[in-house]
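Chemist: Sharing a structure, written as structure tokens. Questions coming.
There are 2 protein chains.
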Amino acid sequence: MSNRLRKDKTYTMDDLAAELGLSKSTVSRALSGSGRIGADTVARVKECAERLGFRPNLTAKALAGQRTLNLAAVMPQEATASMMMFYHECLSGMVVRGARSGYNILVCMQDDNDTVPLEDVVRNRKVDAVILTQLKHDDKNVALLKKENFPFVVIGSGAGENIAHVDSKMIESCAAFAVQCVSKLETGGNVLFVCGSLNVEANNNRLSGFLSAMENSHFEGIQYAICTDVADVENDLSVKDWNLILCSDDVVCLRVMEALKRLEVQIGKDVLLASFHDSILFETSMPPVSALRVDAFTLGEKSTDVALKMLDGIQYEKMNYVDCSFEMRSSTGK
Amino acid sequence: MSNRLRKDKTYTMDDLAAELGLSKSTVSRALSGSGRIGADTVARVKECAERLGFRPNLTAKALAGQRTLNLAAVMPQEATASMMMFYHECLSGMVVRGARSGYNILVCMQDDNDTVPLEDVVRNRKVDAVILTQLKHDDKNVALLKKENFPFVVIGSGAGENIAHVDSKMIESCAAFAVQCVSKLETGGNVLFVCGSLNVEANNNRLSGFLSAMENSHFEGIQYAICTDVADVENDLSVKDWNLILCSDDVVCLRVMEALKRLEVQIGKDVLLASFHDSILFETSMPPVSALRVDAFTLGEKSTDVALKMLDGIQYEKMNYVDCSFEMRSSTGK
DNA sequence: GTGAAAGCGCTAACAG
DNA sequence: CTGTTAGCGCTTTCAC
């Protein structure tokens, strides 16, 4: 073994080339599989790389190839528990899909309206594309990315048709889920929608979904009301005999469950209950609560897929959708 | 303006050098502030960089400087809701601290026992150091990192004294919190500790903390028991009149609350209740539940700080601690 | 105090 | 099919 092959050294293509009596570029081609190259050479090179435990220096590769092999995932720094779960699952999806193409995910967290972190990452060229996991009204990140002409994909709705996005069609999904729940009420009845803060964009979508379901489905003998003040929900709960209660999210739903228990109303029997946002707590709560489940992992996966297609100049859809699933449990009478 | 100064171009140091009639190396020194350099030159260079909107190509900087300016945060892909919150907050801390030193955080998610993602990131030199947010018994990541002689920091306990770590002293904190709760029982009584799966390392620590509190504090007239089967907690709850129930985490605690309500036991009055793991749900639950709060953000921040010190060859402590706080709420009688 | 030149490790024409 | 030669954009000796 020649002198340059010391143990514990991190080998470069030069080392492989020297060891094999080939040139660096041949080694590069053999390893990347691109360009014209002999099959036996490829085999020799690969064997040698394997034997020496060669790993390419991706920073050098990035510089030479003008690609960082990194994507940025932008998410808010402050978030509620259920949003954090959503982001974590999204992130998983991105990481998994990215890994399949040799890409890593770099996180970029920001407080409202502070685009500096994203700006740095983009302008310093630490990533090749960015994925926005949340959209604000008049989003500054979008403005920045457009101005810089930087590739990006949005998770969620509201970005418009010209922007590549992956959406779970919240409004439509909520509507369909509401219909499914309401149809359990075979003889009609009273439906209450308990909604969290309307400052949260997602809650607006849920409310829209609920309203469109109620207005378009022409249910027989169904009346409905909206409660937007969770703190005071116990009042609304006691004014009437509700037959179905729909909650905007898991936190709201847990509050409603507590109130219902205090009022000694039996969930799943006296009243049906469901949530527009699932939570692991619902699987084992008493009773288990039906909920709409957003497939955050797939959203992350798909958005990354779109971003990578963009980068590779492969044809891609601007509008992409991931279906929600209905987790029907005993709170809606099974 | 010379020809090379087109709008929308991303400038390089060569461009600045040409524009200023200086050499590239002078520009580099002026911008980095290192080496001998004239104050007026620095000013001129900075002004020009500013004017042209120059941003260094960090990939090139990384290659030349043999530093990626990235850290890896390793976290499990599968996690419970409260763990995800913990990771998200940790990540925030890392991102914030990293940004202060020009570092970005790259996420590395793995299922149990699959070290491949971390291995890739380390061996392909995509990061300068790694932060482990969770430790398993006989941790394979630790083994890998040690073998590769790669800088890393661990968040949590159990890594041993030779490994740099940032810990929230869970055992001690749980013990202290338990003491605080038990001392509410002025006339003695029965204490039950309801513990989640002991396969989770954190639960072992919580149990140890609880036990050490009970054994070392010599409370008068206090008896205690452990329940490790949450599914069957209602049984344990009914065999005796408990005066204080301590729960290992928020999910467990919510189950206990439900069971207690079914048994028509008044929390905060008939029985005191507290959790060794806080959750936003506890702030507004009925009643609000006292809990031990781990400062995940600071753990993330501090671990990153340690990692950066390592990389800069600055003196650092191997053992670092972040205090937990006691959120005392009305479930323990205020 | 500043410039010239080499080099970080890889890719990609362009020759042969 | 393989080798030679330039870079990618920055840092860092080493001269001057």
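As they're listed, the protein sequences go chains A and B.
Per the working numbering: the first sequence = residues 1 to 334.
Per the working numbering: the second sequence = residues 1001 to 1334.
Think of the CB as a built atom: it goes at the ideal place given N, C-alpha and C, for glycine as much as any other residue.
For clarity, every value in this text was computed on a predicted model and none was experimentally measured.
In chain order, what residues of the same chain lie with their CB nearer than 6 angstroms to the CB of cysteine 247/A, ignoring the 5 residues before and after it?
Modeler: Hits under 6 angstroms: Val194, Cys253, Val256 and Ser275.
Chemist: Quick one: does glutamate 1258/B have its CB under 9 angstroms from some CB of chain A?
Modeler: For glutamate 1258/B, the answer is yes, since a Cβ of chain A falls inside 9 angstroms of its Cβ.
Chemist: Just to confirm before moving on: does the CB-CB distance between alanine 259/A and phenylalanine 210/A stay below 9 angstroms?
Modeler: No.
Chemist: Rounding to the nearest angstrom, what Cα-Cα distance links methionine 1310/B and valine 1154/B in this structure?
Modeler: Computed Cα separation, rounded: 13 angstroms.
Chemist: Sort out for me which residues DSSP pairs aspartate 956/B with in a bridge.
Modeler: Here chain B comprises residues numbered 1001 to 1334, so residue 956/B is not present and cannot be evaluated.
Chemist: Alpha carbon to alpha carbon, what distance is there between glutamate 1078/B and methionine 1084/B?
Modeler: Roughly 9 angstroms between the two C-alpha positions.
Chemist: Cα separation between lysine 24/A and alanine 64/A?
Modeler: Using only the alpha carbons, I get a separation of about 14 angstroms.
Chemist: Which ranges does the beta strand (DSSP E) cover as unbroken runs of at least 3 residues, wholly within the stretch 196–236 of chain A, from first to last along the chain?
Modeler: You should have 222–227.
Chemist: Locate the beta strand (DSSP E) running through asparagine 141/A, then write down its first and last residues.
Modeler: Looking at the DSSP string, asparagine 141/A is not in any beta strand (DSSP E); the run it does join, the alpha helix (DSSP H), is 140–148.
Chemist: Could you give the distance in angstroms between the alpha-carbon of glycine 221/A and the alpha-carbon of methionine 214/A?
Modeler: Rounded to the nearest angstrom, the two C-alpha atoms are 11 angstroms apart.
Chemist: Let me confirm a value: glutamine 315/A is counted as buried when at least 16 other C-beta atoms fall within 10 Å, else exposed. Which label applies?
Modeler: Exposed: under 16 other Cβ atoms inside 10 Å.
Chemist: Note down, in chain order, all residues in the stretch 1251–1283 of chain B with a beta-carbon under 8 angstroms from any beta-carbon belonging to chain A.
Modeler: Listed by position along the chain: Val1251, Leu1254, Arg1255, Glu1258, Lys1261, Arg1262, Ser1279, Ile1280 and Leu1281.
Chemist: According to DSSP, is serine 279/A part of a helix, a strand, or is it coil?
Modeler: Serine 279/A: coil per DSSP, three-state reduction.
Chemist: Pull the bridge partners of glutamate 1327/B from the DSSP assignment, please.
Modeler: Looking at the DSSP assignment, glutamate 1327/B forms a beta bridge with Ala1291/B.
Chemist: What does DSSP give as the partner residue(s) for phenylalanine 297/A in the beta ladder?
Modeler: None, per the DSSP bridge assignment.
Chemist: Got a sec? Which residues, its chain only, sit under 8 angstroms from leucine 20/A by beta carbon, not counting five neighbours each side?
Modeler: Closer than 8 angstroms at Cβ, skipping near neighbours: Val27, Arg44, Val45 and Cys48.
Chemist: Checking contacts by CB at 9 angstroms: is arginine 335/A closer than that to chain B?
Modeler: Outside the shown range of chain A (1 to 334) lies residue 335/A, about which nothing can therefore be said.
Chemist: Alpha carbon to alpha carbon, how far is threonine 1304/B from aspartate 1295/B?
Modeler: If I take the Cα positions, the gap works out to 14 angstroms.
Chemist: In or out: aspartate 1270/B buried (at least 16 other Cβ within 10 Å) or exposed?
Modeler: The residue is exposed, with fewer than 16 neighbouring Cβ atoms inside 10 Å.
Chemist: Can you have a look at glutamate 1172/B and say buried or exposed, based on whether 16 or more other CB atoms are within 10 angstroms of its CB?
Modeler: Under this definition glutamate 1172/B is a buried residue.
Chemist: Identify every residue that forms a DSSP beta bridge with glutamine 1315/B.
Modeler: Answer is none; glutamine 1315/B lacks a bridge partner.
Chemist: Quick one, which of Glu1119/B, Leu1071/B and Leu1022/B has its alpha-carbon nearest glycine 1101/B's?
Modeler: Note on identity: in this sequence residue 1101/B is serine, with glycine being the wrong assignment. Per the Cα distances, Leu1071/B.
Chemist: Using the Cβ count rule (16 or more neighbours within 10 Å means buried), how would you classify asparagine 113/A?
Modeler: Counting Cβ neighbours within 10 Å, asparagine 113/A comes out exposed, since fewer than 16 surround it.
Chemist: Does aspartate 1120/B have its Cβ less than 9 angstroms from a Cβ in chain A?
Modeler: It does; some Cβ of chain A falls within 9 angstroms.
Chemist: From what residue to what residue does the beta strand (DSSP E) around serine 106/A run?
Modeler: Rather than serine, the amino acid found at residue 106/A in this sequence is leucine. Taken as a continuous stretch (DSSP letters only), the beta strand (DSSP E) holding leucine 106/A covers 104–110.
Chemist: Would you verify that the beta carbon of lysine 1126/B is, or is not, closer than 9 angstroms to some beta carbon of chain A?
Modeler: Chain A contact via Cβ: present.
Chemist: Kindly indicate if chain A contains any beta-carbon less than 9 angstroms away from that of cysteine 1108/B.
Modeler: So yes, cysteine 1108/B belongs to the interface.
Chemist: When the distance is taken between beta carbons, is leucine 1069/B closer than 9 angstroms to asparagine 1104/B?
Modeler: Yes, the pair counts as a contact, with Cβ atoms nearer than the cut-off.
Chemist: So the candidates are Leu1106/B, Gly1196/B, Asp1111/B and Gly1158/B; which of them puts its Cα closest to the Cα of alanine 1129/B?
Modeler: The residue with the shortest Cα to Cα distance from alanine 1129/B is Leu1106/B.
Chemist: Straight-line CA distance for glycine 1033/B to phenylalanine 1054/B?
Modeler: Their backbone Cα atoms lie some 16 angstroms apart in a straight line.
Chemist: Does the structure place the stretch 231–243 of chain A close enough to the stretch 196–208 of chain A that three or more beta carbon pairs sit under 8 angstroms?
Modeler: The answer is no - the stretch 231–243 of chain A does not touch the stretch 196–208 of chain A, with fewer than three Cβ pairs under 8 angstroms.
Chemist: Taking just the CA atoms, how far does serine 1325/B sit from serine 1331/B?
Modeler: Those two C-alpha atoms are separated by around 16 angstroms.
Chemist: Suppose you measure from the CA of alanine 73/A to the CA of phenylalanine 219/A; what does that come to, to the nearest Å?
Modeler: Answer to the nearest angstrom: the Cα atoms are 42 angstroms apart.
Chemist: Is the CB-CB distance between serine 1082/B and aspartate 1229/B below 9 angstroms?
Modeler: In this structure, aspartate 1229/B does not lie closer than 9 angstroms to serine 1082/B by Cβ.
Chemist: Taking 9 angstroms as the threshold (beta carbon to beta carbon), is glutamate 1220/B in contact with chain A?
Modeler: False, the Cβ-Cβ gap to chain A never drops below 9 angstroms.
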